[in-house]
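Below is one structure, written out as structure tokens; comments come after it.
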Amino acid sequence: MRYRSTRGHTDRKQFCEILLEGLAPDGGLYLPESYPQLDSVALARLRNIWQNAGYAALAFEVLSLYIDDIPAADLQVLCARTYTEQVFGTQQIVPLKPLQSAGVGKPDLYLEALSNGPTLAFKDMAMQLLGNLFEYELTRRGETLNILGATSGDTGSAAEYAMRGKKGVRVFMTSPHGRMSPFQQAQMFSLLDENIHNIAVKGVFDDCQDMVKAVSNDLDFKRRYKIGTVNSINWARLLAQVVYYFAGYFQAATSNDQKVSFTVPSGNFGNVCAGHVARMMGLPIDRLVVATNENDVLDEFFRTGIYRVRGTTDTHETSSPSMDISKASNFERFVFDLLERDDVRTKAIFGEGLSRQGFFDLSGDARFVKAATVFGFESGRSTHADRIKTIQQVYARYGVVIDTHTADGVKVAQEHLDRNVPMIVLETALPIKFAATIVEALGREPERPVQFEGIELLPKRVQLMAADVAMIKAYIRQHCE
Numbered sequence: 009m010r011y012r013s014t015r016g017h018t019d020r021k022q023f024c025e026i027l028l029e030g031l032a033p034d035g036g037l038y039l040p041e042s043y044p045q046l047d048s049v050a051l052a053r054l055r056n057i058w059q060n061a062g063y064a065a066l067a068f069e070v071l072s073l074y075i076d077d078i079p080a081a082d083l084q085v086l087c088a089r090t091y092t093e094q095v096f097g098t099q100q101i102v103p104l105k106p107l108q109s110a111g112v113g114k115p116d117l118y119l120e121a122l123s124n125g126p127t128l129a130f131k132d133m134a135m136q137l138l139g140n141l142f143e144y145e146l147t148r149r150g151e152t153l154n155i156l157g158a159t160s161g162d163t164g165s166a167a168e169y170a171m172r173g174k175k176g177v178r179v180f181m182t183s184p185h186g187r188m189s190p191f192q193q194a195q196m197f198s199l200l201d202e203n204i205h206n207i208a209v210k211g212v213f214d215d216c217q218d219m220v221k222a223v224s225n226d227l228d229f230k231r232r233y234k235i236g237t238v239n240s241i242n243w244a245r246l247l248a249q250v251v252y253y254f255a256g257y258f259q260a261a262t263s264n265d266q267k268v269s270f271t272v273p274s275g276n277f278g279n280v281c282a283g284h285v286a287r288m289m290g291l292p293i294d295r296l297v298v299a300t301n302e303n304d305v306l307d308e309f310f311r312t313g314i315y316r317v318r319g320t321t322d323t324h325e326t327s328s329p330s331m332d333i334s335k336a337s338n339f340e341r342f343v344f345d346l347l348e349r350d351d352v353r354t355k356a357i358f359g360e361g362l363s364r365q366g367f368f369d370l371s372g373d374a375r376f377v378k379a380a381t382v383f384g385f386e387s388g389r390s391t392h393a394d395r396i397k398t399i400q401q402v403y404a405r406y407g408v409v410i411d412t413h414t415a416d417g418v419k420v421a422q423e424h425l426d427r428n429v430p431m432i433v434l435e436t437a438l439p440i441k442f443a444a445t446i447v448e449a450l451g452r453e454p455e456r457p458v459q460f461e462g463i464e465l466l467p468k469r470v471q472l473m474a475a476d477v478a479m480i481k482a483y484i485r486q487h488c489e
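Mapping to our numbering: the sequence shown position 415 is 423, numbers consecutive.
Now the structure itself:
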């Protein structure tokens, strides 16, 4: 298996090379030269593995299709070490929750529980594996890695909890100052481990993400200070997320002849892009429904073919803050596939055109219609009022409390239901991470896991910084030399 850049760089690399690299040298994102194809026999085999051996075994099988430079026995151990009941609180790891009342017939709407990990968000599903992969490969090479990341809330804490104490790894995590929930801030800033560095940036998430990309595109700096990334621009993280689409499908579909749809709360397009990869492999996915909040860049694209980046002042601060993003990094991977892997056009759009013009328009390209007709994408939008109403409705009807981002997903999913095709909404986080909105909706605090009692009162360590690339480089130098 070899990987290539979406922007046409001539390098073809193996998995462990891009694991530690992040962006390609030309600023593009890595994708496999081709997606492994699963026929009915292979799907039946994977279903049997899921049913009889569980999630870790399924993860090993799916990952093995993309990773051939880690010995199979070692990869099997890494998967088994990652996906345990001790880490994720349930033997199934990602159980489905049917949304139905007692006595109602077969459910057509499910939640896939992805938030049972150590930081209570779906990001743990990939980040826990990534931490083990990094430590394994760095130990094998005798090297160190400085991870530079950007978070709108959940990526940061998931990365830091996965990397704290890991040999040979430092984490420099940027986040938008004052734009995360108090719980999210406390999860990150209360970690005092020597290898964890939190930087609160005066700006929005897109400013943080731009800084990470700028540093990654400075190849001399990147090589000298061994800069890597845990954001979903890193293929390894997206690959780990592909697994739970298979697990969700096998739980919702009674046979491999049946199709299933997924609705995915989306900001940076990484989570739903993993669904796109699973579909390209042959998983029988009918539709991939992108659910946005008021920052509806992706919804606008799938409705109109126009992708229009919002400026800092036009990026709304919402009650589903992890989706307050107007530059979806992973979108480049999908557009590359949509344009039939035309790397020249992809580079023209994302390399210079988007930064210069602030938008691109595929509405006149005959291939745009394939987003829906071939790739199965649909979309919808949710507002704060919608979130409140959906949280109230789901609790009243099903006795289930959902977080604000999952509420965006459920609201949009309900607009795209097909009685003949089960719909799975990917859960984003546990409600305690966004307690203020839950109190507004239900009049009471959500349940808080005992290990997070009083977390907001713990001592915190964070560096406040302007959205300045030179300053983040200086900070990294200071803590690496």
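Using N, Cα and C, we set each Cβ at its ideal position, and we do this for glycine too.
Less than 8 Å between the beta carbons of Q249 and L104, yes or no?
no
If N338 and L246 are in contact, beta carbons under 8 Å, what's the gap, nearest whole angstrom?
7 Å
Compute the Euclidean distance between the alpha carbons of T391 and A286, then round it to the nearest angstrom.
T391 and A286 have their C-alpha atoms spaced approximately 29 Å apart.
Whole angstroms is fine: what's the gap from Q266's alpha carbon to D351's?
34 Å
From what residue to what residue does the beta strand (DSSP E) around G157 run?
153–158
Note down, in chain order, each residue of its chain lying with its Cβ closer than 7 Å to the Cβ of R341, except the 5 sequence neighbours on either side.
For R341, where only same-chain residues beyond five positions count, the Cβ hits under 7 Å are T14, L37, L39, C281.
Let me confirm a value: D82 is counted as buried when at least 16 other C-beta atoms fall within 10 Å, else exposed. Which label applies?
exposed
Which residue marks the beginning of the beta strand (DSSP E) containing M431, and which one marks its end?
Counting along the chain, the unbroken beta strand (DSSP E) around M431 starts and ends at 431–434.
On a Cα-Cα basis, can you pick out the residue from T445, F229, V343 that is closest to P190?
T445
Going by CA-CA distance only, name the one from P33, G319, P457 that's closest to K335.
G319
Where K175 sits in the DSSP three-state scheme:
Look at K175 here: in three-state DSSP terms it is coil, with no helix or strand label.
Taking one C-beta from the region 408–419 and one from the region 383–399 each time, how about it: are there three or more such pairs within less than 8 Å?
yes
My assumption, with CB atoms under 8 Å, is that A475 sits in contact with V209. Please give the rounded CB distance.
5 Å
Using 8 Å as the threshold, is the C-beta distance between Y118 and P439 below it?
Y118 places its beta carbon 8 Å or farther from that of P439.
For L153, which residues from the same chain have a beta carbon less than 7 Å from its beta carbon, with the 5 sequence-adjacent residues on both sides left out?
L28, F142, L146, G176, V177, K234, G236
Which same chain residues, not among the five before or five after G451, have their C-beta less than 8 Å away from its C-beta?
Excluding residues within five positions, none has a Cβ falling inside 8 Å.
Residue(s) in a DSSP beta bridge with V272
V298
Which word fits G275, buried or exposed, when buried means at least 16 other C-beta atoms lie within 10 angstroms of its C-beta?
buried
Report yes if the CB atom of N225 is closer than 8 Å to the CB atom of F130, and no otherwise.
If you check the CB distance, N225 and F130 do not come in under 8 Å.
CA-CA distance, R231 and R469?
28 Å
I want to know whether the region 181–188 touches the region 152–167 - three or more CB-CB distances under 8 Å.
yes
Considering only DSSP beta bridges, list what K105 is partnered with.
L119
Considering Cα atoms alone, identify which of R10, H205, K355 is closest to R485.
H205
Closest residue to F460 among T127, T90, Y91, I75 (Cα-Cα distance):
The residue among T127, T90, Y91, I75 with its C-alpha nearest the C-alpha of F460 is T127.
Taking buried to mean at least 16 other C-beta atoms within 10 Å of its own C-beta, is V272 buried or exposed?
buried
Give the single residue among A421, V477, V409 whose Cα lies nearest to the Cα of V447.
Cα-wise, what sits closest to V447 is V409.
Relative to the C-alpha of D116, which candidate in R427, V297, S123, P79 has its C-alpha closest?
Nearest option by C-alpha distance: R427.
Considering N206, what are the terminal residues of the beta strand (DSSP E) in which it resides?
204–210
Who does Q471 pair with in a DSSP beta bridge?
Beta-bridge pairing links Q471 to I207.
According to DSSP, is M196 helix, strand or coil?
helix
Using DSSP's beta-bridge definition, name the partner residues of R389.
T300
Can you tell me which of the three DSSP states A356 falls into?
helix
Return the first residue and the last residue of the beta strand (DSSP E) that R316 is part of.
Segment 314–316, the beta strand (DSSP E) holding R316.
Span separating the alpha-carbon of V220 from that of V433
30 Å
For S165, which of R187, Q193, K174, I155 has the nearest alpha-carbon?
Q193
K21 bridges to which residues according to DSSP?
Y11
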